[in-house]
Amino acid sequence: MFLPSFIQSPVTKAYNYIHKHGYKSKLMAAAVRNKQDLFSLLGVLESLKESITSPDEKYSFVRRLSPNSAASYSFSEEELVKWDQLNFASSMGPAAVELLAAGLEGYATQAKRVEELFGKIWPPPNV
1 MFLPSFIQSP
11 VTKAYNYIHK
21 HGYKSKLMAA
31 AVRNKQDLFS
41 LLGVLESLKE
51 SITSPDEKYS
61 FVRRLSPNSA
71 ASYSFSEEEL
81 VKWDQLNFAS
91 SMGPAAVELL
101 AAGLEGYATQ
111 AKRVEELFGK
121 IWPPPNV
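Residue numbers (the UniProt record's numbering): 1 to 127.
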(Lines of atoms letter the chains of each structure in order from A and count residues from 1; the text may use other names and numbers.)
(Lines give C-alpha, C1' and ligand atoms only; values in the text may rest on other atoms or scores of the structure.)
Protein backbone atom coordinates (compact mmCIF):
# COMPACT_ATOMS: atom_id res chain seq x y z
CA MET A 1 0.00 0.00 0.00
CA PHE A 2 1.36 3.42 -0.93
CA LEU A 3 0.58 6.81 0.52
CA PRO A 4 -2.48 8.42 -1.02
CA SER A 5 -1.64 10.83 -3.82
CA PHE A 6 -2.95 13.82 -1.84
CA ILE A 7 -0.16 13.18 0.70
CA GLN A 8 2.57 11.91 -1.59
CA SER A 9 2.15 14.59 -4.25
CA PRO A 10 2.91 17.63 -2.01
CA VAL A 11 5.90 15.80 -0.49
CA THR A 12 7.23 14.96 -3.95
CA LYS A 13 6.68 18.51 -5.21
CA ALA A 14 8.38 20.03 -2.16
CA TYR A 15 11.36 17.69 -2.51
CA ASN A 16 11.65 18.37 -6.25
CA TYR A 17 11.44 22.14 -5.77
CA ILE A 18 14.07 22.18 -3.01
CA HIS A 19 16.52 20.09 -5.03
CA LYS A 20 15.83 21.58 -8.46
CA HIS A 21 16.48 25.13 -7.30
CA GLY A 22 19.54 24.28 -5.20
CA TYR A 23 18.28 25.15 -1.74
CA LYS A 24 20.53 23.76 0.99
CA SER A 25 17.72 22.23 2.98
CA LYS A 26 16.38 18.86 3.98
CA LEU A 27 12.79 17.77 3.57
CA MET A 28 11.30 16.31 6.73
CA ALA A 29 8.14 14.25 6.53
CA ALA A 30 6.11 15.36 9.53
CA ALA A 31 2.98 13.37 8.72
CA VAL A 32 4.56 9.94 9.13
CA ARG A 33 2.44 8.24 11.76
CA ASN A 34 3.66 4.65 11.55
CA LYS A 35 6.11 2.32 9.80
CA GLN A 36 3.70 1.71 6.93
CA ASP A 37 3.56 5.44 6.14
CA LEU A 38 7.35 5.57 6.13
CA PHE A 39 7.75 2.48 3.95
CA SER A 40 5.05 3.81 1.62
CA LEU A 41 6.89 7.11 1.25
CA LEU A 42 10.09 5.19 0.53
CA GLY A 43 8.30 2.94 -1.93
CA VAL A 44 8.38 -0.36 0.00
CA LEU A 45 5.40 -2.62 -0.68
CA GLU A 46 3.67 -4.30 2.28
CA SER A 47 3.88 -7.67 0.52
CA LEU A 48 7.64 -7.24 0.10
CA LYS A 49 8.07 -6.45 3.79
CA GLU A 50 6.18 -9.60 4.77
CA SER A 51 7.85 -11.92 2.26
CA ILE A 52 10.34 -14.58 3.31
CA THR A 53 13.56 -13.07 1.98
CA SER A 54 16.86 -11.90 3.37
CA PRO A 55 16.76 -8.56 5.24
CA ASP A 56 18.88 -6.88 2.53
CA GLU A 57 16.35 -7.80 -0.13
CA LYS A 58 13.35 -7.45 2.15
CA TYR A 59 13.97 -3.82 3.07
CA SER A 60 15.36 -2.59 -0.22
CA PHE A 61 13.20 -0.01 -1.94
CA VAL A 62 12.70 1.83 -5.17
CA ARG A 63 13.75 5.41 -4.64
CA ARG A 64 10.91 7.80 -5.44
CA LEU A 65 12.63 11.03 -4.48
CA SER A 66 16.04 11.75 -5.99
CA PRO A 67 18.02 14.82 -7.04
CA ASN A 68 18.00 13.55 -10.65
CA SER A 69 14.21 13.27 -10.78
CA ALA A 70 13.96 16.67 -9.08
CA ALA A 71 16.17 18.29 -11.72
CA SER A 72 13.99 16.96 -14.54
CA TYR A 73 10.65 17.81 -12.87
CA SER A 74 8.78 20.65 -14.58
CA PHE A 75 6.63 22.92 -12.44
CA SER A 76 3.60 24.76 -13.78
CA GLU A 77 3.62 28.57 -13.87
CA GLU A 78 1.02 28.56 -11.10
CA GLU A 79 3.36 26.56 -8.83
CA LEU A 80 6.26 28.97 -9.41
CA VAL A 81 4.49 32.18 -8.35
CA LYS A 82 6.84 34.35 -6.29
CA TRP A 83 5.46 35.50 -2.95
CA ASP A 84 6.70 38.53 -1.12
CA GLN A 85 6.18 38.76 2.61
CA LEU A 86 3.26 41.19 2.39
CA ASN A 87 1.29 39.16 -0.17
CA PHE A 88 1.99 35.94 1.72
CA ALA A 89 0.82 37.43 5.02
CA SER A 90 -2.29 38.97 3.45
CA SER A 91 -3.29 35.70 1.78
CA MET A 92 -3.16 33.75 5.04
CA GLY A 93 -6.34 33.70 7.03
CA PRO A 94 -6.48 33.96 10.82
CA ALA A 95 -6.60 30.17 11.21
CA ALA A 96 -3.46 29.74 9.11
CA VAL A 97 -1.63 32.41 11.10
CA GLU A 98 -2.68 30.73 14.35
CA LEU A 99 -1.58 27.29 13.12
CA LEU A 100 1.75 28.64 11.89
CA ALA A 101 2.39 30.38 15.22
CA ALA A 102 1.45 27.25 17.17
CA GLY A 103 3.71 25.11 14.98
CA LEU A 104 6.69 27.42 15.41
CA GLU A 105 6.09 27.65 19.15
CA GLY A 106 5.93 23.85 19.39
CA TYR A 107 9.14 23.55 17.39
CA ALA A 108 10.92 26.00 19.72
CA THR A 109 9.62 24.18 22.80
CA GLN A 110 10.82 20.81 21.49
CA ALA A 111 14.23 22.26 20.60
CA LYS A 112 14.63 23.54 24.18
CA ARG A 113 13.53 20.16 25.53
CA VAL A 114 16.10 18.33 23.40
CA GLU A 115 18.83 20.74 24.53
CA GLU A 116 17.93 20.05 28.17
CA LEU A 117 17.96 16.28 27.60
CA PHE A 118 21.34 16.40 25.87
CA GLY A 119 22.65 18.61 28.67
CA LYS A 120 21.88 15.79 31.11
CA ILE A 121 23.68 13.08 29.13
CA TRP A 122 26.55 14.97 27.47
CA PRO A 123 29.45 14.74 27.93
CA PRO A 124 29.45 11.10 28.97
CA PRO A 125 30.79 10.52 32.50
CA ASN A 126 33.75 8.41 31.36
CA VAL A 127 35.20 11.00 28.97
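Using N, Cα and C, we set each Cβ at its ideal position, and we do this for glycine too.
Do you know how far the Cα of residue j is from the Cα of residue i?
i      : j      : result
Tyr107 : Asn68  : 31 Å
Glu78  : Ile121 : 49 Å
Pro123 : Ala70  : 40 Å
Glu105 : Glu98  : 10 Å
Met92  : Gly103 : 15 Å
Arg64  : Gly119 : 38 Å
Leu86  : Val114 : 34 Å
Ala94  : Thr12  : A quick correction: the sequence has Pro, not Ala, at residue 94. Distance between the alpha carbons of Pro94 and Thr12 is about 28 Å.
Ala96  : Phe88  : 11 Å
Ala111 : Leu117 : 10 Å
Tyr23  : Ser90  : 25 Å
Asp84  : His19  : 21 Å
Ser66  : Leu100 : 28 Å
With burial defined as no fewer than 16 other Cβ atoms inside 10 Å of the residue's Cβ, what is the status of residue i: buried or exposed?
i      : result
Thr109 : exposed
His21  : exposed
Tyr15  : buried
For the candidate residues the options, whose alpha-carbon lies nearest to that of residue i?
i     : options              : result
Asn81 : Gly119, Tyr17, Ser72 : Checking the displayed sequence, the identity of residue 81 turns out to be Val instead of Asn. Val81 has its Cα closest to that of Tyr17, out of Gly119, Tyr17, Ser72.
Pro10 : Ser90, Phe75, Ala101 : Phe75
Nearest chain D C-beta to residue i closer than 7 Å, yes or no?
i     : result
Glu79 : You won't find chain D in this structure, because it holds only one protein chain.
At 4 residues or longer, and completely inside the stretch 82-120: list those alpha helix (DSSP H) runs for me, N to C.
-> 85-91
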